[in-house]
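**Student:** This is the structure I want to talk about, given as structure tokens.
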Amino acid sequence: MPEVRRGSLAPVSDSALSSTDVPEAPEISRPSQSHQSSTNGVRFNLPEEAASPVSPREPLDSALAELPRRTSEGARRNSDAPRRSSDARRSLSYAQRPQAEAYYDSRAATQKEYRRRATTLLEYYDENPQLLPQLPFTWHHGWKRWRLFIFAFLVFVDASAVPIALYYGLKYAGDVEGWIIFAVVTTIWGGPTYLEFAIRTLRLIKVDRFYRPLGTNHRWCFDMLTYSSTLTIFVVTALFIIGSAPHNVWLRVLCMPAPAILYCYGGVLFLITLYHQMNWPAPFRISSTAKGEKVLPGAYYFIEDVIAVNALGGRPYREALAARYKASPRFREMVYKQSWFWSIPALVLAVPLTVISVIPQVPATGAYGVAWAVPFLWAAVWGFITIKWCKRDMKREREEWELGVDPEKEIKRKGSSIETAS
1 MPEVRRGSLA
11 PVSDSALSST
21 DVPEAPEISR
31 PSQSHQSSTN
41 GVRFNLPEEA
51 ASPVSPREPL
61 DSALAELPRR
71 TSEGARRNSD
81 APRRSSDARR
91 SLSYAQRPQA
101 EAYYDSRAAT
111 QKEYRRRATT
121 LLEYYDENPQ
131 LLPQLPFTWH
141 HGWKRWRLFI
151 FAFLVFVDAS
161 AVPIALYYGL
171 KYAGDVEGWI
181 IFAVVTTIWG
191 GPTYLEFAIR
201 TLRLIKVDRF
211 YRPLGTNHRW
221 CFDMLTYSST
231 LTIFVVTALF
241 IIGSAPHNVW
251 LRVLCMPAPA
261 ILYCYGGVLF
271 LITLYHQMNW
281 PAPFRISSTA
291 KGEKVLPGAY
301 YFIEDVIAVN
311 ALGGRPYREA
321 LAARYKASPR
331 FREMVYKQSW
341 FWSIPALVLA
351 VPLTVISVIP
361 QVPATGAYGV
371 AWAVPFLWAA
381 VWGFITIKWC
391 KRDMKREREE
401 WELGVDPEKE
411 IKRKGSSIET
421 AS
């Protein structure tokens, strides 16, 4: 992924340019030199005789001039003939190449790359503060995005469409008794969710620490999403058992699993964001935040845990996300707003759904469909709004970074309160 350099598009004042001087185009860094720093170029300790056939006292331009050329630049540009495999690639030795700017290719954030590199991405971006930290995950290419999309689709079908279709289909089309219907629903419901939960748990307890939160190597140190999912699964399973255990099922109790999901995830998200807002220290480890440290907005932990474990981003993504949050005030503001945007509406929506499920004025058969359908439709609408919102904010973040604009001053000028990363 190309680097985003602070101030790379900042306008140059007229006094800085004379009538004869023309600003040089910025040099494009080489992806092959992905681990060079901005101050230390890659230099191999080769003997002078083996380093290059050109004398070290000769300038680099003369060495380039002496290289044979297969064809002229104009002929190469105008030629439509494909390049033959027999044409040897002619390039300078590493000893003669100019120093390249610091560069990081986010597509290389794999387990192999993670084991090979000597420093973390946090350290890398601390050494290169002019670069906007890049997140090693994208929705534009790669199979990881499809994995998340397919999982979300299966969860929607399994958790919302299947309970509604089975209940109304078997009750009104097949005239099946309620306890048989919910024996089937309870058996089928949550299959993809439970399977994914088991897989992500196994990834966290593996000997390899690739998927674990930052700051810990303990095999049994789970992330925040594991704890909130455990709470949600426990509550939903208990409601299914209580509601379907009698021969005459308690349909109003069986209306509550979907609102309970809103209470659990929305409540956890709200509570973590409240800790952040009140500047309370973490009572225990929350993903990559150790006990006693400053708690980050709740959406930060959901993003970190889902992409790092479910989307196989691993620790490189956790490191890059921490670096991005630390470096970019605009990114911090976006995560902060998204935390409230998801937590408060989830709890507000769960309250009327609970009322609809329990009051006798609403028929139980109608309340069942409303309580199961509305939370997932709301999540789809909120997800669409979030995508548009975040795309706009991240585009603005990139433009401000390239122009050298201080986003913290802009945020304060507009009256938005956001903390400065320590």
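For what it's worth, the UniProt record's numbering labels the leading residue of the sequence shown as 1, then goes sequentially.
Every residue, glycine too, gets a C-beta built ideally from N, C-alpha and C.
#1: Once DSSP output is grouped into helix, strand and coil, what is the label at Pro281?
#2: Closest to Ala346 by CA distance: which of Thr193, Tyr167, Ile303, Cys264 is it?
#3: State the CB to CB distance for the pair Leu135 and Asn310, rounded to an integer number of angstroms; the pair is presumed to be in contact (CB under 8 Å).
#4: Are the beta-carbon atoms of residue 437 and Tyr168 separated by less than 8 Å?
#5: Taking its Cβ as the centre, do 16 or more other Cβ atoms sit within 10 Å of His276, making it buried, or is it exposed?
#6: How big is the Cα-Cα spacing for Trp143 and Met334?
#7: Between the Cα of Pro363 and those of Ala260, Cys255, Lys291, spot the shortest distance and give me the residue it belongs to.
#8: Is Ile272 near Val295, with beta carbons less than 8 Å apart?
#9: To the nearest angstrom, how far is the alpha carbon of Phe331 from that of Gln338?
#10: At what residues does the alpha helix (DSSP H) containing Met256 begin and finish?
#11: Is it right to say Ala320 is buried, meaning 16 or more other beta carbons lie within 10 angstroms of its own, or is it exposed?
#12: Please state if the CB of Ala159 and the CB of Phe384 are separated by a distance shorter than 8 Å.
#13: Taking only three categories from DSSP, how would you classify Ser206?
#14: Quick one: using the 10 Å Cβ neighbour count with 16 as the cut-off for buried, is Ile359 buried or exposed?
#15: Less than 8 Å between the CB atoms is what I'm expecting for Thr216 and Arg285, so what's the real figure, rounded?
#16: Sorted by chain position, which residues of the same chain lie with C-beta nearer than 7 Å to Ser229's C-beta, five sequence neighbours on each side aside?
#17: Look at the Cβ atom of Leu269, then the Cβ atom of Ser328, and state whether they are nearer than 8 Å.
#18: On the DSSP bridge list, what partners appear for Leu131?
#19: I need the straight-line Cα distance from Val348 to Gly369, nearest angstrom please.
#20: Does Met278 pass the burial test, meaning 16 or more other C-beta atoms within 10 Å, or should it be called exposed?
#21: Quick one: is Arg69 buried, meaning 16 or more other Cβ sit within 10 Å of its Cβ, or exposed?
#22: Once DSSP output is grouped into helix, strand and coil, what is the label at Lys294?
#23: What would DSSP say about Val405, mapped onto helix, strand or coil?
#24: Can you give me the C-alpha to C-alpha distance between Ala258 and Ala380, rounded to a whole angstrom?
#25: Can you tell me whether Tyr336 is buried or exposed? The criterion is at least 16 other CB atoms within 10 Å of its CB, across all chains shown.
#26: Which residues in the same chain have their Cβ closer than 6 Å to the Cβ of Ala367, if we skip the five residues on either side of it in sequence?
#27: Taking the alpha helix (DSSP H) that Leu166 falls in, what are its first and last residues?
#28: At which residues does the alpha helix (DSSP H) containing Gln111 begin and terminate?
#29: Give the C-beta separation of Pro297 and Lys291 to the nearest angstrom, bearing in mind that I take them to be a contact with Cβ-Cβ under 8 Å.
#30: Can you give the Cα-Cα distance for Val4 and Glu397, rounded to whole angstroms?
#31: Tell me, to the nearest whole angstrom, how far the beta carbon of Leu225 is from that of Val306; I am working on the premise that it is less than 8 Å.
#32: Going by other Cβ atoms of all chains shown within 10 Å of its Cβ, with 16 needed for buried, is Arg392 buried or exposed?
#33: With DSSP run on the structure shown, which of helix, strand or coil describes Thr216?
#34: Buried or exposed: Tyr301, going by 16 or more other Cβ atoms within 10 Å of its Cβ?
#35: Measure from the alpha carbon of Trp378 to the alpha carbon of each residue in Leu262, Ser287, Leu274, then state which is nearest.
**Tutor:** Here's the rundown:
#1: strand
#2: Cys264
#3: That belief does not hold up - the Cβ atoms of Leu135 and Asn310 are roughly 15 Å apart, past 8 Å.
#4: Residue 437 lies beyond the residue range present for the chain, which begins at 1 and ends at 422; the question has no answer from this structure.
#5: buried
#6: 26 Å
#7: Cys255
#8: yes
#9: 11 Å
#10: Per DSSP, Met256 belongs to no alpha helix (DSSP H) and is neither H nor E.
#11: buried
#12: no
#13: For the record, residue 206 in the displayed sequence is Lys; it is not Ser. Three-state DSSP puts Lys206 in coil, outside helix and strand.
#14: exposed
#15: 7 Å
#16: Phe197
#17: no
#18: Arg5
#19: 19 Å
#20: exposed
#21: At Arg69, the pLDDT of 43 sits below 50, so the modelled position is not reliable; the number obtained from the coordinates is stated separately. Classification for Arg69: exposed.
#22: strand
#23: coil
#24: 14 Å
#25: buried
#26: Cys255, Ile356, Ser357
#27: 162 to 168
#28: 111 to 116
#29: Going by Cβ atoms, the distance from Pro297 to Lys291 rounds to 18 Å, so no, they are not a contact pair.
#30: 10 Å
#31: 7 Å
#32: exposed
#33: coil
#34: buried
#35: Leu262
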